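**Q** Take this structure first; my questions come after.
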Amino acid sequence: MPNFFNPLHQPVPPTFQSQHSALSDACPTLSPPFQTTLPHPSFVRLPQSPPPKITAVQPRAFPAAPILFELIGAPSRGMGVPMRELVVRSGCVLERMIVGAAEHVGATMGKALRVVRIRLVIPWPGYEHVEWISSIEMFTSSGPLTRGQLAVDIANAYHSFVMKSSTYPPSPLAHDWRTSAGGISFDKLILLACWNLQDDVWMAEVFVDRR
Numbered sequence: 389m390p391n392f393f394n395p396l397h398q399p400v401p402p403t404f405q406s407q408h409s410a411l412s413d414a415c416p417t418l419s420p421p422f423q424t425t426l427p428h429p430s431f432v433r434l435p436q437s438p439p440p441k442i443t444a445v446q447p448r449a450f451p452a453a454p455i456l457f458e459l460i461g462a463p464s465r466g467m468g469v470p471m472r473e474l475v476v477r478s479g480c481v482l483e484r485m486i487v488g489a490a491e492h493v494g495a496t497m498g499k500a501l502r503v504v505r506i507r508l509v510i511p512w513p514g515y516e517h518v519e520w521i522s523s524i525e526m527f528t529s530s531g532p533l534t535r536g537q538l539a540v541d542i543a544n545a546y547h548s549f550v551m552k553s554s555t556y557p558p559s560p561l562a563h564d565w566r567t568s569a570g571g572i573s574f575d576k577l578i579l580l581a582c583w584n585l586q587d588d589v590w591m592a593e594v595f596v597d598r599r
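With my numbering applied, the sequence shown has no gaps in its numbers, which climb one by one up to 599 at the end.
Shown next, in the form of structure tokens:
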């Protein structure tokens with residue numbers, strides 16, 4: 389993994405204080421503006437495409453704003469958060485690691501979509517036929533879902549997919565993206581953002597560290 393600063397007890401740099409772009413709501417619903425320049429030489433973007441069932445539906449005129457995930461103290465923006473950290477750290481620790489971790493993004497997402505849960509699709513290349521969908525509640529017993537909690541839920545969804553995908557034969561299109569023995573392991577995945585594709589359907593932007 390890249391040599392991130394230890395995020396615990398680090399101050400929040402000014403460049404990280406705003407997570408929202410005024411243009412976010414104007415982005416095409418089915419074409420998230422994935423950045424064109426990768427933040428690290430060893431990073432490759434997991435080439436996920438919205439499922440045909442989603443693209444066949446009339447998109448929302450104004451999709452919900454994307455949710456971004458950044459590590460406090462990272463050397464540059466857009467490097468995301470390693471998923472392996474998300475599944476082993478406590479909520480208190482994650483609040484000191486992730487920029488805006490305590491922000492109640494579930495309230496914004498739920499209000500914009502008028503839903504209490506979202507569907508996270510994982511159209512992993514070569515495994516699209518699996519049609520993997522995870523349900524994520526926007527509200528918990530303690531209130532709306534926070535950015536940190538959403539990151540954990542997404543990481544857990546990808547962990548379940550990677551663990552169980554070995555029972556599904558990949559298509560010939562899998563190539564270097566297979567998750568079986570010798571393929572991509574969960575600890576190589578990095579969460580950067582989550583995009584609203586259609587109504588209550590969201591998809592994560594994920595990097596794979598090839599080192």
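Note that beta-carbon positions come from the ideal geometry of N, C-alpha and C, so glycine has one too.
This one's a predicted model, so the numbers in the text were calculated from it and none came from an experiment.
Closest to S548 by CA distance: which of A581, D564, D575, G531 is it?
**A** D575
**Q** Comparing C-alpha positions only, which one of A569, P511, K552 sits nearest to T443?
**A** When each option's Cα is compared against that of T443, the closest is P511.
**Q** Do the stretch 552-559 and the stretch 587-599 meet, that is, are 3 or more Cβ pairs less than 8 Å apart?
**A** no
**Q** Looking at the structure shown, is S523 part of a helix, part of a strand, or coil, going by DSSP?
**A** strand
**Q** Helix, strand or coil for I578 per DSSP?
**A** Strand.
**Q** Could you give the first and the last residue of the continuous alpha helix (DSSP H) run that contains L508?
**A** Note, L508: premise wrong, no alpha helix (DSSP H); beta strand (DSSP E) at 505-510.
**Q** Counting along the chain, where does the beta strand (DSSP E) carrying D597 start and finish?
**A** 589-597
**Q** Which one of R535, V509, D564, Y515 has the shortest CA to CA distance from S523?
**A** V509
**Q** To the nearest angstrom, how far is it from the Cα of R477 to the Cα of S529?
**A** 20 Å
**Q** Below 6 Å CB to CB, which residues in the same chain sit around I521 once its five sequence neighbours on both sides are set aside?
**A** Contacts found: R507, V509.
**Q** Can you name the residues that DSSP bridges to Q586?
**A** V589
**Q** Between D541, I578, E519, I542, which lies nearest to P440 when the distance is taken from Cα to Cα?
**A** Comparing Cα-Cα distances from P440 to each of D541, I578, E519, I542, the minimum goes to E519.
**Q** Cβ atoms of G536 and A490: under 9 Å apart, would you say?
**A** yes
**Q** Under a three-way DSSP split, which group does V493 fall into?
**A** helix
**Q** Helix, strand or coil: how does DSSP classify L561 here?
**A** helix
**Q** Determine the direct distance from the alpha carbon of L579 to that of T567, and round the result to whole angstroms.
**A** Rounded to the nearest angstrom, the gap between the Cα atoms of T567 and L579 is 17 Å.
**Q** Report the residue from T496, G531, S464 whose alpha carbon sits nearest the alpha carbon of P451.
**A** T496
**Q** V432 lies in the beta strand (DSSP E); which residues open and close that run?
**A** DSSP places V432 inside the beta strand (DSSP E), whose first and last residues are 431-433.
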